[in-house]
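Report on the following structure.
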Amino acid sequence: IYYSQEARPYSLFMLLTLFSFYFYVKLLEEKNIKNIFGYSFFTLLLLYTHHFSFLVLLVQNVYYLLLNRKKEVKLIHWFIIQFVLGLMFLPWLPILIKQIQSNRLYSWIPKPSLFDILKTFDVFFNNTYFLLILIFIVLIIFVVKNKKNKIKTDRYGLSLILMWAFIPFIIVIIYSLNFVSLYHMRYFIFTLPAFYIFFAWCISEVSNNTLIKTAIITTMIISSVPSIIYQFKHVDKDDWRSISMFIKEN
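For the sequence shown, my numbering gives the first residue as 1258, with consecutive numbering after it.
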């Protein structure tokens, strides 16, 4: 909601990431023209939307290589798709290089601290500590039940979700601490669907009792309401419209 209230690419970034992963999964299930075109089209748009889209591409490539490392024909077909995406991105490459060389793109970002990382997850879940505690409890129950082999896990699907959620964070944090800082919470908005899918899946697996699942979901929704209402009533944005009007009038 916060980033949908401004003309910046973050909401579009998340939407295109969803479409890219949707057709990516469909492509893993069945290789046909429709899925190849859908994946290529939305991934190309994604690459033109934000620099962090390359992290999406990295996750998809790493997962595909791990999944099909012994299937030479599939790997060749996949590399052809990636090669075509690279060719289609070439018109933007000079601009990207110029942006990087200008040293103004990310130079204003301070190096991330532990507080910055924790704050990111706090913002991801509506600045609601109760909601974070509830999610933590659900995760503990899930891990305990999984240890006892009471949950039949789709290992490959779960691996993809976790890679999508955490690999971008790990790479950016390591790079930011050792080189130029790239860490800003809004740049990770594309990982939100992965976290939400994972937690939704955890809730569906922690209990066979429908009432317990309903109670958990209802509690999460109710605890999020105050933050959502506040966001609609208090638009905490820079007043660029007034600034532009002032410049125009003076």
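By construction, the Cβ of each residue, glycine as well, lies at the ideal position given by its N, Cα and C atoms.
Here the structure is a predicted model, which is why all the values come from computation and not from measurement.
Sort the options by Cα distance to residue i and report the nearest one.
i, options, result
"Ser-1480", "Leu-1362, Phe-1445, Trp-1335, Ile-1390", "Ile-1390"
"Lys-1368", "Ile-1430, Glu-1286, Leu-1304", "Ile-1430"
"Lys-1527", "Leu-1314, Lys-1331, Met-1345", "For residue 1527 there is no data in the structure shown, the boundaries of the chain being 1258 and 1507."
"Ile-1338", "Phe-1299, Trp-1365, Phe-1423", "Phe-1299"
"Ser-1438", "Leu-1273, Ile-1374, Ile-1366", "Ile-1366"
"Phe-1456", "Tyr-1487, Lys-1328, Met-1477, Met-1442", "Met-1477"
"Ile-1473", "Phe-1393, Asp-1373, Tyr-1413, Gln-1358", "Phe-1393"
"Phe-1436", "Trp-1458, Tyr-1363, Asn-1466", "Tyr-1363"
"Ser-1310", "Tyr-1281, Ser-1370, Leu-1344, Phe-1447", "Phe-1447"
So, using beta-carbon positions, are residue i and residue j closer together than 8 Å?
i, j, result
"Trp-1421", "Val-1316", "yes"
"Ile-1485", "Asn-1383", "yes"
"Val-1395", "Ile-1460", "yes"
"Leu-1303", "Thr-1274", "yes"
"Phe-1426", "Phe-1445", "yes"
So is residue i buried or exposed if we call it buried at 16+ other beta carbons inside 10 Å?
i, result
"Ser-1277", "buried"
"Met-1502", "exposed"
"Val-1482", "exposed"
"Leu-1284", "buried"
"Val-1313", "buried"
"Ile-1451", "Checking the displayed sequence, the identity of residue 1451 turns out to be Ala instead of Ile. Result: buried."
"Tyr-1281", "buried"
Alpha helix (DSSP H) runs contained entirely in the segment 1448 to 1491, provided each spans 4 or more residues
1449 to 1463, 1467 to 1490
Let me know the alpha helix (DSSP H) ranges lying completely inside the segment 1294 to 1382, each 4 residues or longer, listed in chain order.
1310 to 1324, 1329 to 1346, 1350 to 1359, 1371 to 1381
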